[in-house]
DNA sequence: CAGGATATATCCAAAAAGGATGCATCCACT
DNA sequence: AGTGGATGCATCCTTTTTGGATATATCCTG
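Residue numbers (the working numbering), protein chains in the order written: chain L, 880 to 997; chain A, 880 to 997.
Put into structure tokens, the structure is as follows:
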């Protein structure tokens, strides 16, 4: 196992809201409010990020170095845009792998249809 | 969309602990304590179900009809064994499908390696 | 320039989780 | 048979986390 994976796994599982934020940023830079819109649309309304949760998470992720604020060329002065850091990306990858494993188990137990070549 | 799916989605996302319990029971009948062991081993210790969480969830799932107690032939009188109800299985399937979609998005955004024929 | 939507931020009550405690039963060992 | 440790269930209390109300400033449209 590569060095550094151990402490990475200690962070898992992520709060659902945290993973959704990282997932939104994995597609590119975004400002907070647009993250919440992206999450809501990507999950067809199943997951919502109310402001308390959203900005609390963002603040903490900045502190922890999972994301970083970018100097964007956005003209809207209210917006603060963020991007994933290398560390944030690794964490998102680890969580994605964890969820993939869960899905694999779910399929094994016939909660999901078998998939060709899967 | 098949009837009844709408109210099903309203239950999602499940608490991680809830999904793990359903996932453990999808493999067959189990008693509470063994569910917690199964979850811990399946997730390599990443997910733990402390007693407060475990028995609280079980109690609520019984009330909600997601699981049912079975008259098992177990000789240990302390044990209470449970199985998924049809409804519980449907809920687990819905949550598994939701997670699968998340994993798909994560792969699309290159957080997971591309998969042949996937 | 008025009004509504966008965007961030904070705060507090409510909900959820963790884990300590208690107690009964089971099992291994002597 | 008795003892000690592990198993198993359950509840309680504290802490943590969450949701959503409130506030404020900026932006956009008519």
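All residues carry an ideal CB built from backbone N, CA and C; glycine is no exception. These numbers come from a predicted model, not from an experiment.
Outcome for residue i when other beta-carbon atoms lying within 10 angstroms are tallied against a minimum of 16
i, result
"residue 956 (chain L)", "exposed"
"residue 968 (chain L)", "buried"
"residue 939 (chain A)", "exposed"
"residue 924 (chain L)", "exposed"
"residue 907 (chain L)", "exposed"
"residue 987 (chain A)", "exposed"
"residue 913 (chain A)", "exposed"
"residue 982 (chain A)", "buried"
"residue 935 (chain L)", "exposed"
"residue 977 (chain L)", "buried"
Under 7 Å by beta carbon: chain A residues contacting residue i
i, result
"residue 888 (chain L)", "925"
"residue 978 (chain L)", "978, 981 and 982"
"residue 995 (chain L)", "996"
Rounded C-alpha distance that separates residue i from residue j
i, j, result
"residue 963 (chain L)", "residue 929 (chain L)", "21 Å"
"residue 972 (chain A)", "residue 992 (chain L)", "10 Å"
"residue 899 (chain L)", "residue 887 (chain A)", "21 Å"
"residue 961 (chain A)", "residue 942 (chain L)", "43 Å"
"residue 904 (chain L)", "residue 947 (chain L)", "11 Å"
Residues that residue i contacts on chain A, provided the C-beta gap is smaller than 8 Å
i, result
"residue 937 (chain L)", "Near residue 937 (chain L) there are no residues of chain A at all, since even the closest Cβ is about 19 Å away, more than 8 Å."
"residue 942 (chain L)", "In chain order: nothing, as chain A lies at least about 22 Å away."
Beta bridge counterpart(s) of residue i as assigned by DSSP
i, result
"residue 963 (chain A)", "A:946"
"residue 909 (chain A)", "A:961"
Listed by chain order, chain A residues near residue i by CB distance under 9 Å
i, result
"residue 958 (chain L)", "Within 9 Å Cβ-Cβ: nothing; residue 958 (chain L) doesn't reach chain A, min ~22 Å."
"residue 947 (chain L)", "The contacting residues do not exist; residue 947 (chain L) stays about 18 Å from chain A at best."
Chain-ordered neighbours of residue i on chain L, where CB pairs are closer than 7 Å
i, result
"residue 985 (chain A)", "902 and 975"
Cβ-heavy atom distance, residue i to the ligand FAD, below 7 Å
i, result
"residue 993 (chain L)", "As presented, the structure is devoid of all ligands, the ligand FAD included, so that no description of it is given."
Contact set for residue i: own chain, Cβ-Cβ below 8 Å, skip 5 residues either direction
i, result
"residue 953 (chain A)", "910 and 960"
Same chain only: Cβ atoms within 7 Å of residue i, ignoring 5 sequence neighbours per side
i, result
"residue 966 (chain A)", "944 and 945"
"residue 918 (chain A)", "899, 903, 926 and 928"
Under 8 Å by beta carbon: chain L residues contacting residue i
i, result
"residue 988 (chain A)", "902, 905 and 906"
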